[in-house]
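Asks: In this note's numbering, the protein residues as written are 6 to 239. Ideal Cβ placement from N, Cα and C applies to all residues, glycine included.
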Ligand SMILES: [Zn+2]
């Protein structure tokens, strides 16, 4: 029963995060108003904002103008609640809360990176604050948090210094926050797996001639999936 509640509530929260990720980089208000259609910008009705259900009910088409709704909406609306349930089944209560908070923030950043190749700065500081707060709540010690923060800054900062062309500053900031929240070694594992995944996927796309050397790739979605795998199979 608890999994049904978790699934339903998280699908609502994550669909809200999706709207926030589309609105904040464009400085559009998103609180206390209905979402609008991506194509004709008409306000959506109550039936059309119910996660998963509305997509399936309208078979992936908008009722306002008949345009195709991007399947990324359905993917996130189904994937995120499943991940939350997975975390809940595999992690202890305190670890679960911390993982869920980080997961929610990474969902936001993976979407802003996917849509706009952009990671809004203000939200990065908020993420740092929440990451520190929730880690502190799991152990009530400041020392280890500061220790991991310094190690993460040293490592990922040096990495950025040498590989500026390969990785964005936004990605580095998120990796430093991950290191602070989960521990430096954990963030290092997540980073390595993300790099392997990105190399394989971009390599395949390159061989299939779907991309070329100048294509710019969002890296946060790779960090995001790497984080999910790490927390699930650690
Ligand atoms: Zn429309």
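Taking 8 Å as the threshold, find out whether the segment 94-105 comes into contact with the segment 46-64 through three or more Cβ pairs.
Replies: At 8 Å Cβ cutoff, the stretches do not touch.
Asks: Between which residues of its own chain and residue 221 is the CB-CB distance below 8 Å, once the five residues before and five after are set aside?
Replies: Result list for residue 221: 122, in chain order.
Asks: Please tell me whether, using a cut-off of 7 Å, the distance from the CB of residue 199 to the nearest non-hydrogen atom of ligand 1 is below it.
Replies: For ligand 1, not one heavy atom lies less than 7 Å from the Cβ of residue 199.
Asks: Take every Cβ of the segment 170-184, pair it with every Cβ of the segment 153-162, and state whether three or more of those distances are shorter than 8 Å.
Replies: As far as the Cβ criterion goes, the segment 170-184 touches the segment 153-162, which means the pair count is three or higher.
Asks: For a quick check, are the C-beta atoms of residue 169 and residue 129 less than 8 Å apart?
Replies: Taking 8 Å as the Cβ cut-off, residue 169 and residue 129 do not qualify as a contacting pair.
Asks: If I follow the unbroken alpha helix (DSSP H) through residue 73, where does it start and stop?
Replies: Looking at the DSSP string, residue 73 is not in any alpha helix (DSSP H), and its letter there is neither H nor E.
Asks: Just to confirm the assignment, what range does the alpha helix (DSSP H) spanning residue 5 have?
Replies: There is simply no residue 5 to check, as the chain begins at 6 and stops at 239 in what is shown.
Asks: Enumerated in chain order, which unbroken segments of the alpha helix (DSSP H) with a length of 4 residues or greater are wholly contained in the segment 178-219?
Replies: Complete alpha helix (DSSP H) runs here, min 4: 189-212.
Asks: For residue 48, list the residues DSSP reports as bridge partners.
Replies: Answer by DSSP bridge pairing, in chain order: 41.
Asks: On the three-state DSSP scale, how would you describe residue 221?
Replies: Residue 221: coil per DSSP, three-state reduction.
Asks: Look at the Cβ atom of residue 198, then the Cβ atom of residue 235, and state whether they are nearer than 8 Å.
Replies: Yes, these two residues count as a Cβ contact at 8 Å.
Asks: Taking residue 91 as the reference, which of 104, 31, 27 has the closest Cα?
Replies: Comparing Cα-Cα distances from residue 91 to each of 104, 31, 27, the minimum goes to 104.
Asks: I'd like to confirm the pairing. Which residues does DSSP put opposite residue 66 in its beta bridges?
Replies: Beta-bridge pairing links residue 66 to 73.
Asks: If you follow the alpha helix (DSSP H) that residue 138 is in, where does it begin and where does it stop?
Replies: Its alpha helix (DSSP H) spans residues 126-144.
Asks: Suppose contacts are defined by Cβ-Cβ distances below 8 Å. Is residue 25 in contact with residue 134 by that definition?
Replies: Not closer than 8 Å, so no.
Asks: Using only CA atoms, which one of 29, 37, 124, 23 lies nearest to residue 76?
Replies: The residue with the shortest Cα to Cα distance from residue 76 is 23.
Asks: According to DSSP, simplified to helix, strand and coil, what is residue 236?
Replies: Residue 236 falls in the helix class under three-state DSSP.
Asks: Could you check the C-alpha separation between residue 87 and residue 12 for me, to the nearest Å?
Replies: Answer to the nearest angstrom: the Cα atoms are 7 Å apart.
Asks: Between which two residues does the alpha helix (DSSP H) harbouring residue 36 extend?
Replies: Taken as a continuous stretch (DSSP letters only), residue 36 belongs to no alpha helix (DSSP H), as it is neither H nor E.
Asks: Does the Cβ-Cβ distance between residue 175 and residue 124 come in under 8 Å?
Replies: Yes.
Asks: Measuring CA to CA, which of 171, 192, 180, 109 is closest to residue 16?
Replies: Checking every option, the nearest Cα to that of residue 16 belongs to 109.
Asks: Just to confirm the assignment, what range does the alpha helix (DSSP H) spanning residue 53 have?
Replies: First-last for residue 53: undefined, no H or E at that position.
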